[in-house]
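Colleague: Residue numbers (this note's numbering), protein chains in the order written: chain A, 1 to 290; chain B, 1 to 290; chain C, 1 to 290; chain D, 1 to 290. Beta carbons: idealized from backbone N, C-alpha and C, even for Gly. Just so it is clear, the structure is predicted and the values come from calculations on it, not from any experiment.
4 protein chains.
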Amino acid sequence: MLTDNRYGKAENRVVRFYKENARHEIRDVNVTTTLRGDFEAAYTEGDQRQVLPTDTQKNTAFAFAKKVGLDTVEDYAIALARHFHETVEPVSSARVDVESYGWQRVSINGAEHDHTWVRQGPEVRTVAVTAADAGTWLIGGIKDLVLLKSTGSEFADFLVDEYTTLAPTNDRVLATSLDVHWRFGEIDGIDWDEVFAGIRATLLELFATTYSRALQQTLYAMGSAVLERFPVLAEIRLSAPNKHHFDYDLDRFDIENKGEVFWAADRPYGSIHATLQRADAPDAGTAWSA
Amino acid sequence: MLTDNRYGKAENRVVRFYKENARHEIRDVNVTTTLRGDFEAAYTEGDQRQVLPTDTQKNTAFAFAKKVGLDTVEDYAIALARHFHETVEPVSSARVDVESYGWQRVSINGAEHDHTWVRQGPEVRTVAVTAADAGTWLIGGIKDLVLLKSTGSEFADFLVDEYTTLAPTNDRVLATSLDVHWRFGEIDGIDWDEVFAGIRATLLELFATTYSRALQQTLYAMGSAVLERFPVLAEIRLSAPNKHHFDYDLDRFDIENKGEVFWAADRPYGSIHATLQRADAPDAGTAWSA
Amino acid sequence: MLTDNRYGKAENRVVRFYKENARHEIRDVNVTTTLRGDFEAAYTEGDQRQVLPTDTQKNTAFAFAKKVGLDTVEDYAIALARHFHETVEPVSSARVDVESYGWQRVSINGAEHDHTWVRQGPEVRTVAVTAADAGTWLIGGIKDLVLLKSTGSEFADFLVDEYTTLAPTNDRVLATSLDVHWRFGEIDGIDWDEVFAGIRATLLELFATTYSRALQQTLYAMGSAVLERFPVLAEIRLSAPNKHHFDYDLDRFDIENKGEVFWAADRPYGSIHATLQRADAPDAGTAWSA
Amino acid sequence: MLTDNRYGKAENRVVRFYKENARHEIRDVNVTTTLRGDFEAAYTEGDQRQVLPTDTQKNTAFAFAKKVGLDTVEDYAIALARHFHETVEPVSSARVDVESYGWQRVSINGAEHDHTWVRQGPEVRTVAVTAADAGTWLIGGIKDLVLLKSTGSEFADFLVDEYTTLAPTNDRVLATSLDVHWRFGEIDGIDWDEVFAGIRATLLELFATTYSRALQQTLYAMGSAVLERFPVLAEIRLSAPNKHHFDYDLDRFDIENKGEVFWAADRPYGSIHATLQRADAPDAGTAWSA
Chain A
1 MLTDNRYGKA
11 ENRVVRFYKE
21 NARHEIRDVN
31 VTTTLRGDFE
41 AAYTEGDQRQ
51 VLPTDTQKNT
61 AFAFAKKVGL
71 DTVEDYAIAL
81 ARHFHETVEP
91 VSSARVDVES
101 YGWQRVSING
111 AEHDHTWVRQ
121 GPEVRTVAVT
131 AADAGTWLIG
141 GIKDLVLLKS
151 TGSEFADFLV
161 DEYTTLAPTN
171 DRVLATSLDV
181 HWRFGEIDGI
191 DWDEVFAGIR
201 ATLLELFATT
211 YSRALQQTLY
221 AMGSAVLERF
231 PVLAEIRLSA
241 PNKHHFDYDL
251 DRFDIENKGE
261 VFWAADRPYG
271 SIHATLQRAD
281 APDAGTAWSA
Chain B
1 MLTDNRYGKA
11 ENRVVRFYKE
21 NARHEIRDVN
31 VTTTLRGDFE
41 AAYTEGDQRQ
51 VLPTDTQKNT
61 AFAFAKKVGL
71 DTVEDYAIAL
81 ARHFHETVEP
91 VSSARVDVES
101 YGWQRVSING
111 AEHDHTWVRQ
121 GPEVRTVAVT
131 AADAGTWLIG
141 GIKDLVLLKS
151 TGSEFADFLV
161 DEYTTLAPTN
171 DRVLATSLDV
181 HWRFGEIDGI
191 DWDEVFAGIR
201 ATLLELFATT
211 YSRALQQTLY
221 AMGSAVLERF
231 PVLAEIRLSA
241 PNKHHFDYDL
251 DRFDIENKGE
261 VFWAADRPYG
271 SIHATLQRAD
281 APDAGTAWSA
Chain C
1 MLTDNRYGKA
11 ENRVVRFYKE
21 NARHEIRDVN
31 VTTTLRGDFE
41 AAYTEGDQRQ
51 VLPTDTQKNT
61 AFAFAKKVGL
71 DTVEDYAIAL
81 ARHFHETVEP
91 VSSARVDVES
101 YGWQRVSING
111 AEHDHTWVRQ
121 GPEVRTVAVT
131 AADAGTWLIG
141 GIKDLVLLKS
151 TGSEFADFLV
161 DEYTTLAPTN
171 DRVLATSLDV
181 HWRFGEIDGI
191 DWDEVFAGIR
201 ATLLELFATT
211 YSRALQQTLY
221 AMGSAVLERF
231 PVLAEIRLSA
241 PNKHHFDYDL
251 DRFDIENKGE
261 VFWAADRPYG
271 SIHATLQRAD
281 APDAGTAWSA
Chain D
1 MLTDNRYGKA
11 ENRVVRFYKE
21 NARHEIRDVN
31 VTTTLRGDFE
41 AAYTEGDQRQ
51 VLPTDTQKNT
61 AFAFAKKVGL
71 DTVEDYAIAL
81 ARHFHETVEP
91 VSSARVDVES
101 YGWQRVSING
111 AEHDHTWVRQ
121 GPEVRTVAVT
131 AADAGTWLIG
141 GIKDLVLLKS
151 TGSEFADFLV
161 DEYTTLAPTN
171 DRVLATSLDV
181 HWRFGEIDGI
191 DWDEVFAGIR
201 ATLLELFATT
211 YSRALQQTLY
221 AMGSAVLERF
231 PVLAEIRLSA
241 PNKHHFDYDL
251 DRFDIENKGE
261 VFWAADRPYG
271 SIHATLQRAD
281 APDAGTAWSA
């Protein structure tokens, strides 16, 4: 009757510094570990003998920040997931999710400071590694990447039914907060930071340069350009709220508003999703099972 | 290359009153609609001719609050999902998610007021309906149900490795914020409110009365009691953070703390999940595909 | 040049149980301590010799949960504030803010369980105590008390200028999330729980029974009734967003909407504030200085 | 008995574009308006004849985004506050609060895009203008400016009492999320953007370069440098949580942790406040009355 189960420690807020010389480095991450395996007795009989405490998982996440290091979050996550999978007997599959927060070195009169940073955001870099008997999967990503363009977007010629009142528009604001996750087809010999930077730049470029007849089209353009430019990727998933900006009617006050003044609404919002996969993509296994 | 896509309107905040007589009724819900189907041209070519605007979906969600009514959120969600599936040609599958917020009638000297309420929470009742060619699925649920017990919980005899430092305990606080979702095996002739009340009562009862050797065991006890008492259910999924309460060390101040004073921590937290399914459960189809 | 300063420890999440017999009691609070006094050298010279660490304040907040107890949050807050003021030499004034979260005992077939609770909300009970040379002030309160009435509210006959487009209405939804704080004129011999329950009931009653020509009027009616019924209070401050509910236009779909279907908007919202004070109220001193 | 009152429209999410040429400009702000004046009859009698609807205030906030423009948020806020004060008869004092969100132009192969931006944060620029009979006050500010330094901070030699258990440290992480607000002594002829950039740079510089014996000392150093470098300011107020980073004990696993691995805690946190004022500062009037 118990058909699936998993458990772990969520949101370990690990901060790691490198202090080999006066110019320090910072890594600021949020680590969640999740184990699957032979834990049924804990559920059905309260028998913990196979259960590695979530407190131990926490200790391990912090210990690996030093032992393995956080030079890249990807290598850290791979090492941590494989540790649980390979050394904890009942574990059949271990997943490690990492969110990585950006910090910019403080500049003083143009000179970067050695050990002081200011937080960047709201965008967050993510990685999810699954280590299982069948292999290791890695999904990179970015979330809360908020983008807006003030023109180059329309929405018209859509399906109409009895509840349709929307007027078509040939020039609107397009704004979204992107969550994008990409699955690597292989994980050896990757320059993680270079690939991440390249994908982020591609997402921004395509959002900016695609003349958008719908957010769907923009997502597809971003996703297919990423897959095209980065053959190491097997699949990409994009989620994007359509953050509506409504023209504010100023005619009522004899003020002209030629696409200049908008109300940025909260709810409801459109919600668009797309998954693109290479035709010859290797199997995803349980890579996407949160 | 486009292997999956969906779109819709998220978080329509619909409030519906019944005012047939002086004693009004309130329904306060958050409605999200999601459509799957033949929308590929919108992604690949920006062709919207098959795309029903999300603005239309919003209008429909509000219109159905009157046309169908919100006597129960379940019947409303079924009607709305089937409307999209049956009347919008390119739609192959429509999903409607509803969160329902609780309001308690204000009492004045013991008498309930006719048209004034105070909001209850944090718990939220949920329903997710999927209408597709193969049939209609309904998943009921409750989220943010925060429970705590001050005794009757232990955690000991667990697996130990080189990173384990946790001391076993034979009396601890057990606290969680439950998200539970249950799939109905059939959806005709159900008294939705009665079943919901019964499941909620069962969850509370089993949390209280199960002597817990781990949160895993408590989840399993809750889930199996629900399936046992409600044969109309096919499956139940439980997610539960372990909201840690740590004994505060008062010995340092010569003050005795016999399980009386705790620090309620935020992060990290344990995270436990279980899925229980009846052996003869009908197929879930795409019921769980958010 | 340093004209004001204060420091403290914010959001100590203290949970206290009473376990004298099988029927346990729970107190779940969030404690913030703030000290004012002779701390200038810490700012101007980095000299900490007068500074009691915020870590010590945390320890004290937890220790007092046992030593003084949390029978009422008011007596706990008074004791803690006076402790800092009276025993820590440089402190001229100590403030203790407590938020108290509600828990309801779980019922099983009508019988209350001894040691299991379900969290209530969103409303939160508050207390703020200031202990200074001139005396001790106590401000009670409630926040996030969300109220709604489906009729008995209008808004018309208002001032009109060139930017006014609002149509008057003689029947609307009135909804708010109240933050109300009341200052006691004296603090000895008060039955804190009884007074709190009475004030809460008065707020609900007046919100329900006042025919509202504006949220301003409703706030005033609530505030003056509280001051009238509770002579022990010197002053009351009410803050209330006007949580707008807009009629959804269903005429477009040939559906009648007679005040039945509304869209509950997020932002912007009205924001109304009122302070009422008894004519002979004692001086507030620094009671309101957060 | 009604001793204070105010009302307004909160959180108008105004977005303004400049499209005079192909290279567009964006202003993304959150505007709150608050009026004080002769509104007593609305409270005591429900008489709205003196009350300008909050809906009108909303319309005005959007209209002024075009009419006055948002070249700088400061000039916009001054114009809007003065409009309410000067043209709405019962208004004795009008306050306009603006939060301004940062957007960075998207770069494609080093070239800035004309009409696409990516959101920057979490820091937010603020302005609060009060227009009253006695004059106009302006308070500039920045909030959610998250800073961290990995060394150059200690905390020792502090006051000790019976509840003190903290060990002194001579090298710790110092992290905070600054809210800083500065009052201008005059408001004519100011280059708002230049002053803002200068103050922000000063705050960052002093946080980085001050060897910190306490967060109090750092705040004072920042505040006094700002007042010194910007004679146009009369006063500055700084609020700063001490976002604790605790050394993670890795000795237990035979791993050395020389100030490299920390746990970033959520709650409780220290909370430090300082107000610095020039000796000859003009009166603040009601500038700080939210």
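What does DSSP give as the partner residue(s) for D247 of chain B in the beta ladder?
Modeller: The residue given as residue 247 of chain B occupies position 247 in the second sequence. BP columns for D247 of chain B point to B:F262.
Colleague: Secondary structure at E302 of chain B, three-state DSSP: helix, strand or coil?
Modeller: Given that chain B is displayed from residue 1 to residue 290, the structure contains no residue 302 of chain B and the question cannot be resolved.
Colleague: State the CB to CB distance for the pair D38 of chain C and P90 of chain C, rounded to an integer number of angstroms; the pair is presumed to be in contact (CB under 8 Å).
Modeller: On the third sequence, residue 38 of chain C is found 38 positions in, with the first residue counted as 1. On the third sequence, residue 90 of chain C is found 90 positions in, with the first residue counted as 1. At roughly 4 Å, the Cβ-Cβ gap stays under 8 Å, so D38 of chain C and P90 of chain C are in contact.
Colleague: Would you please verify whether the beta carbon of L80 of chain D is less than 8 Å from any beta carbon of chain A?
Modeller: Reading the fourth sequence from its first residue, position 80 is the one you call residue 80 of chain D. No, its Cβ sits nowhere closer than 8 Å to a Cβ of chain A.
Colleague: Against R267 of chain C, what residues of chain D qualify as contacts under a CB-to-CB distance less than 9 Å, listed in chain order?
Modeller: In the third sequence, counting from the first residue as 1, residue 267 of chain C sits at position 267. Near R267 of chain C (Cβ distances below 9 Å), the residues of chain D are A10, E11, N12, R13, N30.
Colleague: So what does T136 of chain A bridge to, in DSSP terms?
Modeller: To locate residue 136 of chain A, count along the first sequence from 1; it is residue 136. Answer is A:A131.
Colleague: Starting from K376 of chain D, follow its DSSP beta bridges and name the residues at the other end.
Modeller: As displayed, chain D neither begins before 1 nor continues past 290, which places residue 376 of chain D out of reach and without an answer.
Colleague: Using the three-state DSSP reduction, which class does Q57 of chain D fall into: helix, strand or coil?
Modeller: Along the fourth sequence, read from residue 1 onward, the residue named residue 57 of chain D stands at position 57. Three-state result, Q57 of chain D: helix.
Colleague: Can you tell me the Cα-Cα spacing of V180 of chain B and I142 of chain B, whole angstroms?
Modeller: Here residue 180 of chain B refers to the residue found at position 180 when the second sequence is read from its first residue. Here residue 142 of chain B refers to the residue found at position 142 when the second sequence is read from its first residue. So the two alpha carbons sit approximately 5 Å from each other.
Colleague: Going by beta carbon distance, what residues of the same chain come within less than 6 Å of K19 of chain A, once the five residues before and after it are set aside?
Modeller: Reading the first sequence from its first residue, position 19 is the one you call residue 19 of chain A. So the list is empty, once near-sequence residues are dropped.
Colleague: Under 8 Å, Cβ to Cβ, is there at least one residue of chain D near E45 of chain A?
Modeller: The residue given as residue 45 of chain A occupies position 45 in the first sequence. No, its Cβ sits nowhere closer than 8 Å to a Cβ of chain D.
Colleague: With a threshold of 8 Å between beta carbons, is F253 of chain A in contact with chain C?
Modeller: As a working mapping, residue 253 of chain A is identified with position 253 in the first sequence. It does; some Cβ of chain C falls within 8 Å.
Colleague: For H83 of chain D, write down the residues that DSSP places opposite it in a beta bridge.
Modeller: Residue mapping note: residue 83 of chain D aligns to position 83 of the fourth sequence, counting from 1. Its beta-bridge partners do not exist; DSSP assigns none.
Colleague: Answer with yes or no whether the minimum CB distance from P53 of chain D to chain C is below 8 Å.
Modeller: Walking along the fourth sequence from the start, residue 53 of chain D turns up at place 53. With 8 Å as the cut-off, P53 of chain D counts as an interface residue toward chain C.
Colleague: Under 8 Å between C-beta atoms, does Y76 of chain B make it to chain D?
Modeller: As a first step, residue 76 of chain B is located in the second sequence; it is residue number 76 there, counting from the start. No - not a single Cβ of chain D is within 8 Å of the one on Y76 of chain B.
Colleague: In angstroms with no decimal places, state the Cα-to-Cα distance between L145 of chain A and V124 of chain D.
Modeller: The residue you call residue 145 of chain A lines up with position 145 of the first sequence. The residue you call residue 124 of chain D lines up with position 124 of the fourth sequence. So the two alpha carbons sit approximately 17 Å from each other.
Colleague: Just how far apart, CA to CA, sit D254 of chain D and K66 of chain A?
Modeller: Here residue 254 of chain D is taken as the residue at index 254 of the fourth sequence, counted from 1. Here residue 66 of chain A is taken as the residue at index 66 of the first sequence, counted from 1. So the two alpha carbons sit approximately 11 Å from each other.
Colleague: Within 8 Å (strictly less), CB to CB, does N242 of chain B reach chain A?
Modeller: The residue given as residue 242 of chain B occupies position 242 in the second sequence. N242 of chain B counts as touching chain A.
Colleague: Indicate whether V261 of chain A and R16 of chain D have their beta-carbon atoms separated by less than 8 Å.
Modeller: As a position in the first sequence, residue 261 of chain A is number 261, starting the count at 1. As a position in the fourth sequence, residue 16 of chain D is number 16, starting the count at 1. Yes, these two residues count as a Cβ contact at 8 Å.
Colleague: With DSSP run on the structure shown, which of helix, strand or coil describes D193 of chain D?
Modeller: For the purposes of this step, residue 193 of chain D is taken as residue 193 along the fourth sequence, with counting starting at 1. If DSSP states are grouped into helix, strand and coil, D193 of chain D belongs with the helices.
Colleague: Given a threshold of 16 other Cβ atoms within 10 Å of its Cβ, counted over all protein chains shown, does G270 of chain D qualify as buried or as exposed?
Modeller: On the fourth sequence, position 270 is the one that residue 270 of chain D refers to. When all chains shown are included, G270 of chain D counts as buried.
Colleague: For L159 of chain C, does the three-state DSSP call read helix, strand or coil?
Modeller: Here residue 159 of chain C is taken as the residue at index 159 of the third sequence, counted from 1. Coil at L159 of chain C, not helix or strand.
Colleague: Report the residues of the stretch 53-67 of chain C with a CB closer than 8 Å to any CB of chain B, ordered along the chain.
Modeller: Residues passing the 8 Å Cβ filter: N59, F62, A63, A65, K66, K67.
Colleague: Can you give me, in chain order, the residues of the stretch 141-171 of chain D that have a beta carbon less than 8 Å from any beta carbon in chain B?
Modeller: So the close ones are E162, Y163, T165.
Colleague: If you reduce the DSSP assignment to three classes, tell me which class E205 of chain C lands in.
Modeller: Your numbering for residue 205 of chain C matches position 205 in the third sequence. The answer is helix: DSSP assigns E205 of chain C an H, G or I state.
Colleague: From what residue to what residue does the beta strand (DSSP E) around T44 of chain A run?
Modeller: Your numbering for residue 44 of chain A matches position 44 in the first sequence. Looking at the DSSP string, T44 of chain A is not in any beta strand (DSSP E); the run it does join, the alpha helix (DSSP H), is 40-44.
Colleague: Decide if Y211 of chain B is buried, meaning its Cβ has at least 16 other Cβ atoms within 10 Å, or exposed.
Modeller: Residue numbering aside, residue 211 of chain B sits at position 211 when the second sequence is read from its first letter. Label assigned to Y211 of chain B: exposed.
Colleague: So, for H273 of chain B: in the same chain, excluding its five sequence neighbours on each side, which residues have a beta-carbon less than 6 Å away from its beta-carbon?
Modeller: On the second sequence, residue 273 of chain B is found 273 positions in, with the first residue counted as 1. Only S239 meet the Cβ criterion.
Colleague: CB F184 of chain C to CB G140 of chain C, shorter than 8 Å?
Modeller: The sequence position of residue 184 of chain C within the third sequence is 184, counting from 1. The sequence position of residue 140 of chain C within the third sequence is 140, counting from 1. Going by C-beta atoms, F184 of chain C is nearer than 8 Å to G140 of chain C.
Colleague: By the 9 Å beta-carbon criterion, what residues does the stretch 99-127 of chain D contribute toward chain A?
Modeller: Cβ contacts with chain A come from W103, V106, S107, I108, N109, H113, D114, H115, T116, W117, V118, R119, Q120, G121, P122, E123.
Colleague: Which same chain residues end up closer than 6 Å to A41 of chain A when comparing Cβ atoms and leaving out the 5 residues on each side of it in sequence?
Modeller: Along the first sequence, read from residue 1 onward, the residue named residue 41 of chain A stands at position 41. Hits under 6 Å: D47.
Colleague: Any Cβ of chain B within less than 8 Å of the Cβ of H273 of chain A?
Modeller: Walking along the first sequence from the start, residue 273 of chain A turns up at place 273. Yes, because at least one Cβ of chain B sits closer than 8 Å to the Cβ of H273 of chain A.
Colleague: Between the Cα of E205 of chain A and those of A:I190, A:D193, A:R229, A:D191, spot the shortest distance and give me the residue it belongs to.
Modeller: As a first step, residue 205 of chain A is located in the first sequence; it is residue number 205 there, counting from the start. When each option's Cα is compared against that of E205 of chain A, the closest is A:R229.
Colleague: In terms of DSSP beta bridges, what is G185 of chain A paired with?
Modeller: What you label residue 185 of chain A is simply residue 185 of the first sequence in a count that begins at 1. Its beta-bridge partners do not exist; DSSP assigns none.
Colleague: Considering only C-alpha positions, which residue in the set A:A265, A:D280, A:Q277, A:R95 is nearest to D28 of chain D?
Modeller: Walking along the fourth sequence from the start, residue 28 of chain D turns up at place 28. Among A:A265, A:D280, A:Q277, A:R95, the Cα nearest to that of D28 of chain D belongs to A:A265.
Colleague: Beta-carbon of S289 of chain C versus every beta-carbon of chain D: anything under 8 Å?
Modeller: Within the third sequence, residue 289 of chain C is the residue found at index 289, counting from 1. By this cut-off, S289 of chain C is not an interface position.
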